[in-house]
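This report concerns only the one structure given below.
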Ligand code: R5P
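In the working numbering, the protein residues as written are 163 to 457.
Here you go:
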């Protein structure tokens, strides 16, 4: 029991200083509960509201794709430069050091491989397991217009309900397959549907035309998806264009880990997303850090 003698009487009430209600830096998240906000705050930097997320969950349908043959060797050295890591629970548990301080965005849907119809996904993990891993969010693929559109939407809404119970946000990913287009009209539809159905974050592709209409009409943060490997300047230009048109950051995989110098590339992406570097300045940084690599 605390010793009452010597217990100094409390008197620091700062009566002239009212408690300030804080605002929250993540779009559309003002009314969420504390745990949800705290997790989103691990993904999106409070200084600028943006994130650099490194995606390496490809193995869940592609197996050991190029650049991800040995995640321990290719990805772990990149982690210090990422705000968030997007991966499967299998890779997180087996390879990612628990000492990593990154926000973890855990792939929560799956099923078909590249040999089958990818839209035929199911929920592939329990939200309780996401809590056990200390996930900052889970990710769910949504196939608007796909063969299994309704099922993938159902996966999303089930995860959103489970996430709300535990305070874990859901990142809805606008999946594009061979039969799904990537123009602003389609991605506006898909992104808005995902947000309206409850996802706290949307990941979608950059479009050369009208990208800002996708971010403007989506009430939660949009994170730009990376896509196939592009020349360095093109990849950095895409990231720059996305964040200057309202995206709250990027989630890039192959454009980082398939690069000749992935450590230099992720730092250049970071410079563009968080450091306000122009694409050419990002390219200069890549060349400097990689000792002259062109791509
Ligand atoms: C697609 O949305 C999956 O999450 C991918 O496995 C991954 O995020 C794609 O990353 P990238 O297209 O940048 O290689």
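The beta-carbon is built from N, C-alpha and C at its ideal position, and this holds for glycine as well.
Predicted, not measured: the structure shown is a model, and the values here were computed from it.
query	result
Simplified DSSP assignment, three categories, for residue 213	strand
Residues near residue 258 by beta carbon distance below 6 Å, same chain, minus five either side	none
Burial state of residue 366, where buried means 16 or more other Cβ atoms lie within 10 Å	buried
Segment contact flag, the stretch 308-327 with the stretch 380-392, C-beta cutoff 8 Å, min 3 pairs	no
heavy atom of ligand 1 below 7 Å from residue 310 C-beta	no
Sequence-distant residues of the same chain with beta carbon closer than 6 Å to residue 225, five excluded per side	none
Status (buried if at least 16 other CB within 10 Å, exposed otherwise) for residue 219	buried
C-alpha gap between residue 261 and residue 167, whole angstroms	43 Å
Nearest residue (CA-CA) to residue 280, options 233, 293, 310, 255	310
Ordered list of beta strand (DSSP E) runs contained in the stretch 215-275, each at least 3 residues	246-249, 265-269
Exposed unless 16 or more other CB atoms sit within 10 angstroms - verdict on residue 358	exposed
Residue 334, enclosing alpha helix (DSSP H) - first and last residue	Segment 332-336 is the beta strand (DSSP E) holding residue 334; no alpha helix (DSSP H) there.
Same chain only: Cβ atoms within 7 Å of residue 239, ignoring 5 sequence neighbours per side	425
Minimum C-alpha distance to residue 232 - residue among 181, 419, 316	419
Beta-carbon contacts of residue 369 that lie in its chain and below 8 Å, excluding the five residues immediately before and after	344, 345, 346, 349, 376
Residue 373 vs residue 337 beta-carbon contact at 8 Å	no
Start-to-end residues for the alpha helix (DSSP H) that takes in residue 173	Counting along the chain, residue 173 falls outside any alpha helix (DSSP H), and DSSP gives it neither H nor E.
N- and C-terminal bounds of the alpha helix (DSSP H) containing residue 365	It is not in any alpha helix (DSSP H) - residue 365 instead sits in the beta strand (DSSP E) that spans 363-366.
Any 3 or more C-beta pairs closer than 8 Å across the stretch 261-280 and the stretch 294-308	yes
DSSP bridge partner residues for residue 517 (one or two, in chain order)	This structure does not reach residue 517, given that the chain is present from 163 up to 457, and the question cannot be answered.
Residue 219 beta carbon near ligand 1 (any heavy atom closer than 7 Å)	yes
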